[in-house]
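The structure appears right after this line, and notes come after that.
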Amino acid sequence: MKPTEPVSIPVGTCGDWAVERITVSGPDSGKHNLHEAIHSTARFIPPGEYTKLTHKGYLVMSDTPSELRDHRKFVHNAYGHILINGLGLGCAAQECLLKHNVTKVTVVELAEEVIRLVGVTLKKVYAHRLDIVRANAFEYMPPKGVRYGAVWHDIWNDICTDNLPEMTKLHRKYGHRCNWQGSWSRNLLKIDLDKVEKEKRLILEALRKTQEEEADEQ
1 MKPTEPVSIP VGTCGDWAVE RITVSGPDSG KHNLHEAIHS TARFIPPGEY TKLTHKGYLV
61 MSDTPSELRD HRKFVHNAYG HILINGLGLG CAAQECLLKH NVTKVTVVEL AEEVIRLVGV
121 TLKKVYAHRL DIVRANAFEY MPPKGVRYGA VWHDIWNDIC TDNLPEMTKL HRKYGHRCNW
181 QGSWSRNLLK IDLDKVEKEK RLILEALRKT QEEEADEQ
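Right, dumping it as structure tokens:
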């Protein structure tokens, strides 16, 4: 029977990886959301029960509302055969598999431990519609002649502009192999990068004016 909602991933550990349940209390939610509001990131977390994936105790991803919203556009554009680089908690893969117009989902995941913790459960439910390949996202070569309806890249733990070169590399790799593609947090990073470049231009302009004024005084 086809599920009508995402399957819950069981708690467990495998090597340095772990799937855990977390409870965000009202006070904790308030503190976090205040910090987010001050820094204008708006990644708010309401009080509630959530699931997180960690590596050596470091948070890799969770199923909080802000993280689920991150792949909403990808899910909207997903159809036919799609590819996802990075399994995580399987949230993006599951949301796509719940769509009637998605015929197959191929997930490329490097960590065998993540496949055991998350992938095994998903395969039991979605069977032949889900194909999980253990490989490096940059080294994996899609089968010849395959074209994807959509591709999603989500292999990074943090929102950081240092990830942009890798995102660009993956987008170039799949540019002619899909009808739509996106990367986790890429839109946010490009906005941050634009702000940095604007600030640089303003600083350089101010420095130029200062040098001109000093030259005039001499």
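Heads up, the sequence shown stops at 218 in the working numbering, and the numbers go up one at a time, no gaps. Even for Gly, the Cβ is constructed at its ideal location relative to N, Cα and C. Here the structure is a predicted model, which means the values were calculated and not measured.
query	result
Could you check what DSSP says for residue 14 in three-state terms: helix, strand or coil?	strand
Report the residue ranges of all beta strand (DSSP E) runs contained in full by the stretch 98 to 126; include only those spanning at least 3 residues, in chain order.	102 to 109
With a threshold of 6 Å on Cβ separation, who are the neighbours of residue 105 within its own chain once the five nearest residues in sequence on each side are excluded?	82, 93, 96, 97 and 130
If you draw a straight line from the C-alpha of residue 27 to the C-alpha of residue 115, how long is it?	35 Å
Give me the residue from 134, 29 and 132 with the minimum Cα distance to residue 49.	29
Return helix, strand or coil for residue 72, following the three-state DSSP convention.	helix
Taking just the CA atoms, how far does residue 158 sit from residue 196?	In this predicted model, residue 196 has a pLDDT of only 42, less than 50, meaning its place in the structure is not dependable enough to derive any value.
With burial defined as no fewer than 16 other Cβ atoms inside 10 Å of the residue's Cβ, what is the status of residue 70: buried or exposed?	buried
From what residue to what residue does the alpha helix (DSSP H) around residue 173 run?	164 to 174
State the start and end residues of the unbroken beta strand (DSSP E) segment that holds residue 32.	Note, residue 32: premise wrong, no beta strand (DSSP E); alpha helix (DSSP H) at 26 to 38.
Using a Cβ-Cβ cut-off of 6 Å (strictly less than) and excluding sequence neighbours within five positions of residue 133, which residues of its own chain qualify?	108
Using only the alpha-carbon positions, how far apart do residue 35 and residue 18 sit?	27 Å
Return yes when the Cβ of residue 89 is within less than 9 Å of the Cβ of residue 120, no when it is not.	no
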